[in-house]
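**Student:** Numbering (the numbering used here), first residue to last: 820 to 1013.
(1) Kindly list the residues whose CB is nearer than 6 angstroms to the CB of residue 871, restricted to its own chain and excluding five residues on each side of it in sequence; keep chain order.
(2) Check for me: the beta strand (DSSP E) holding residue 982 runs from which residue to which?
(3) Taking the C-alpha atoms as reference points, what is the distance between residue 914 and residue 849?
(4) Between residue 962 and the rest of its own chain, which residues show a CB-CB distance below 6 angstroms, the 5 nearest in sequence each way excluded?
(5) Within 10 Å of its beta-carbon, does residue 908 have 16 or more other beta-carbons around it, so buried, or fewer, so exposed?
(6) My guess is that residue 981 and residue 959 are in contact by the Cβ rule of under 8 angstroms, so how many angstroms apart are they, rounded?
(7) Given that a residue counts as buried once 16 or more other Cβ atoms are within 10 Å of its Cβ, and exposed if not, what is residue 855?
(8) Quick check on the DSSP output: the alpha helix (DSSP H) that includes residue 1003 runs from which residue to which?
(9) Run through the DSSP bridge pairs and tell me what residue 958 is partnered with.
(10) Could you name the residues that DSSP lists as bridge partners for residue 990?
(11) Considering only the beta carbon of each residue, do residue 957 and residue 983 sit closer than 9 angstroms?
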(Lines of atoms letter the chains of each structure in order from A and count residues from 1; the text may use other names and numbers.)
(Lines give C-alpha, C1' and ligand atoms only; values in the text may rest on other atoms or scores of the structure.)
Protein backbone atom coordinates (compact mmCIF):
# COMPACT_ATOMS: atom_id res chain seq x y z
CA UNK A 1 0.00 0.00 0.00
CA UNK A 2 1.26 3.46 -0.84
CA UNK A 3 1.30 5.93 2.03
CA UNK A 4 0.37 9.38 0.83
CA UNK A 5 1.49 11.32 3.91
CA UNK A 6 -0.25 14.23 5.56
CA UNK A 7 -2.90 15.84 3.38
CA UNK A 8 -5.15 18.86 4.00
CA UNK A 9 -8.76 17.67 4.29
CA UNK A 10 -9.91 19.80 1.33
CA UNK A 11 -7.23 18.28 -0.90
CA UNK A 12 -8.02 14.76 0.34
CA UNK A 13 -11.70 15.37 -0.45
CA UNK A 14 -10.83 16.66 -3.91
CA UNK A 15 -8.68 13.61 -4.68
CA UNK A 16 -11.05 10.99 -3.27
CA UNK A 17 -14.58 12.38 -3.57
CA UNK A 18 -15.41 10.40 -6.70
CA UNK A 19 -13.98 7.14 -5.42
CA UNK A 20 -16.47 4.43 -4.61
CA UNK A 21 -16.50 2.73 -1.23
CA UNK A 22 -14.72 -0.41 -2.47
CA UNK A 23 -11.95 1.55 -4.17
CA UNK A 24 -11.39 3.68 -1.05
CA UNK A 25 -11.32 0.68 1.32
CA UNK A 26 -9.03 -1.27 -0.98
CA UNK A 27 -6.61 1.64 -1.16
CA UNK A 28 -6.74 2.42 2.58
CA UNK A 29 -6.86 -0.72 4.69
CA UNK A 30 -5.50 0.90 7.88
CA UNK A 31 -6.98 3.65 10.09
CA UNK A 32 -6.38 7.38 9.88
CA UNK A 33 -5.65 10.21 12.25
CA UNK A 34 -7.68 13.32 11.54
CA UNK A 35 -6.30 16.56 12.93
CA UNK A 36 -9.48 18.66 13.36
CA UNK A 37 -7.74 22.01 12.84
CA UNK A 38 -9.53 23.53 15.81
CA UNK A 39 -6.49 24.15 17.99
CA UNK A 40 -4.84 27.55 18.25
CA UNK A 41 -1.35 26.05 18.36
CA UNK A 42 -1.45 25.28 14.64
CA UNK A 43 -0.87 22.15 12.64
CA UNK A 44 1.44 19.52 14.09
CA UNK A 45 4.85 18.90 12.55
CA UNK A 46 4.68 15.23 11.59
CA UNK A 47 6.69 13.09 9.21
CA UNK A 48 6.96 9.48 8.12
CA UNK A 49 10.71 8.77 8.09
CA UNK A 50 10.24 5.33 6.54
CA UNK A 51 7.63 6.47 3.99
CA UNK A 52 7.79 4.78 0.61
CA UNK A 53 5.90 6.20 -2.35
CA UNK A 54 5.08 3.44 -4.84
CA UNK A 55 2.37 5.02 -6.94
CA UNK A 56 0.92 8.50 -7.45
CA UNK A 57 -2.61 9.45 -6.41
CA UNK A 58 -4.83 9.84 -9.45
CA UNK A 59 -5.79 13.51 -9.77
CA UNK A 60 -9.45 14.52 -9.90
CA UNK A 61 -11.11 17.71 -11.02
CA UNK A 62 -11.59 20.29 -8.28
CA UNK A 63 -14.88 20.21 -6.44
CA UNK A 64 -17.24 22.88 -7.74
CA UNK A 65 -19.17 23.66 -4.55
CA UNK A 66 -17.91 23.65 -0.98
CA UNK A 67 -19.85 26.28 0.96
CA UNK A 68 -21.09 23.88 3.61
CA UNK A 69 -19.67 23.77 7.12
CA UNK A 70 -19.57 20.63 9.22
CA UNK A 71 -22.05 22.09 11.72
CA UNK A 72 -24.69 21.99 8.94
CA UNK A 73 -24.56 18.20 9.20
CA UNK A 74 -24.49 17.83 13.00
CA UNK A 75 -27.28 15.29 13.16
CA UNK A 76 -25.71 12.94 10.62
CA UNK A 77 -21.97 13.08 11.38
CA UNK A 78 -20.26 11.25 14.26
CA UNK A 79 -19.71 13.56 17.26
CA UNK A 80 -15.92 13.45 16.81
CA UNK A 81 -16.22 14.84 13.27
CA UNK A 82 -18.38 17.81 14.30
CA UNK A 83 -15.42 19.83 15.59
CA UNK A 84 -13.57 19.60 12.28
CA UNK A 85 -12.71 22.88 10.56
CA UNK A 86 -12.70 21.82 6.92
CA UNK A 87 -10.22 24.49 5.79
CA UNK A 88 -7.66 23.60 8.50
CA UNK A 89 -8.12 19.86 9.07
CA UNK A 90 -5.46 17.35 8.06
CA UNK A 91 -5.93 13.70 7.05
CA UNK A 92 -3.11 11.36 8.07
CA UNK A 93 -3.22 7.83 6.60
CA UNK A 94 -1.32 5.83 9.20
CA UNK A 95 1.79 3.96 7.99
CA UNK A 96 1.37 0.69 9.87
CA UNK A 97 3.96 -2.00 9.22
CA UNK A 98 3.68 -5.77 9.45
CA UNK A 99 5.55 -7.47 12.32
CA UNK A 100 6.93 -11.00 12.43
CA UNK A 101 4.08 -12.08 14.70
CA UNK A 102 1.37 -11.20 12.17
CA UNK A 103 0.28 -7.99 13.87
CA UNK A 104 0.54 -4.50 12.42
CA UNK A 105 2.49 -1.86 14.33
CA UNK A 106 2.78 1.91 14.39
CA UNK A 107 5.45 3.38 16.67
CA UNK A 108 4.90 7.04 17.53
CA UNK A 109 7.43 9.48 18.95
CA UNK A 110 9.96 12.27 18.60
CA UNK A 111 12.79 9.95 17.50
CA UNK A 112 13.18 9.92 13.72
CA UNK A 113 13.27 6.10 13.75
CA UNK A 114 9.56 6.04 14.67
CA UNK A 115 6.92 5.17 12.05
CA UNK A 116 5.10 8.40 12.88
CA UNK A 117 7.53 11.15 13.89
CA UNK A 118 6.45 14.29 15.78
CA UNK A 119 8.79 17.27 15.73
CA UNK A 120 7.53 18.39 19.13
CA UNK A 121 9.49 18.47 22.40
CA UNK A 122 6.35 17.57 24.35
CA UNK A 123 6.32 14.18 22.62
CA UNK A 124 8.74 11.55 24.00
CA UNK A 125 11.33 9.81 21.83
CA UNK A 126 9.21 6.61 21.83
CA UNK A 127 5.89 7.94 23.07
CA UNK A 128 3.35 5.23 22.19
CA UNK A 129 2.71 2.18 20.02
CA UNK A 130 -0.51 1.24 18.23
CA UNK A 131 -0.98 -2.47 17.53
CA UNK A 132 -3.55 -4.01 15.20
CA UNK A 133 -4.32 -7.71 15.53
CA UNK A 134 -7.05 -10.22 14.79
CA UNK A 135 -9.45 -10.67 11.89
CA UNK A 136 -10.88 -8.12 11.51
CA UNK A 137 -8.07 -6.00 12.92
CA UNK A 138 -8.70 -4.54 16.37
CA UNK A 139 -6.43 -1.63 17.29
CA UNK A 140 -4.89 -1.05 20.72
CA UNK A 141 -2.53 1.59 22.06
CA UNK A 142 0.23 1.38 24.65
CA UNK A 143 1.89 4.40 26.25
CA UNK A 144 5.62 3.63 26.34
CA UNK A 145 6.31 5.53 29.57
CA UNK A 146 6.11 8.94 27.93
CA UNK A 147 6.89 12.06 29.94
CA UNK A 148 3.72 13.98 29.00
CA UNK A 149 1.40 10.96 28.69
CA UNK A 150 -0.92 9.61 26.04
CA UNK A 151 -4.63 10.37 26.33
CA UNK A 152 -7.58 8.46 24.88
CA UNK A 153 -10.84 10.42 24.98
CA UNK A 154 -9.26 12.77 27.53
CA UNK A 155 -8.09 10.04 29.93
CA UNK A 156 -4.37 9.55 30.57
CA UNK A 157 -3.16 6.01 29.95
CA UNK A 158 -0.99 4.29 32.54
CA UNK A 159 2.40 3.41 31.00
CA UNK A 160 2.44 -0.11 29.54
CA UNK A 161 -1.32 -0.65 29.81
CA UNK A 162 -2.94 -1.89 26.60
CA UNK A 163 -6.09 0.10 25.74
CA UNK A 164 -8.42 -0.72 22.85
CA UNK A 165 -9.08 2.15 20.45
CA UNK A 166 -12.67 2.77 19.48
CA UNK A 167 -13.53 4.13 16.05
CA UNK A 168 -13.85 7.92 16.43
CA UNK A 169 -11.97 8.18 19.73
CA UNK A 170 -9.66 11.12 20.37
CA UNK A 171 -5.92 10.68 20.97
CA UNK A 172 -3.44 13.14 22.41
CA UNK A 173 0.33 12.72 22.49
CA UNK A 174 2.02 15.11 24.89
CA UNK A 175 0.26 18.41 25.35
CA UNK A 176 -2.17 20.19 23.03
CA UNK A 177 -2.11 17.74 20.09
CA UNK A 178 -5.48 16.13 19.57
CA UNK A 179 -6.27 13.68 16.78
CA UNK A 180 -9.35 11.63 15.97
CA UNK A 181 -8.78 7.94 15.19
CA UNK A 182 -10.96 6.72 12.32
CA UNK A 183 -11.33 3.37 10.66
CA UNK A 184 -11.35 3.73 6.85
CA UNK A 185 -15.08 2.91 6.58
CA UNK A 186 -16.04 5.70 9.01
CA UNK A 187 -13.79 8.30 7.40
CA UNK A 188 -15.19 7.36 3.99
CA UNK A 189 -18.76 7.88 5.26
CA UNK A 190 -17.88 11.24 6.86
CA UNK A 191 -16.19 12.49 3.70
CA UNK A 192 -19.19 11.54 1.61
CA UNK A 193 -21.53 13.53 3.87
CA UNK A 194 -19.62 16.76 3.32
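For glycine and all other residues, C-beta sits at the position ideal for the given N, C-alpha and C.
**Tutor:** In this structure, then:
(1) Bear in mind that the predicted position of residue 871 carries a pLDDT of just 38, short of 50, making it unreliable; the figure below should be weighed with that in mind. Excluding positions up to five away in sequence, the list is empty.
(2) 981-983
(3) 8 angstroms
(4) 947, 969, 976 and 978
(5) buried
(6) 5 angstroms
(7) buried
(8) 1003-1012
(9) 951
(10) 971 and 998
(11) yes
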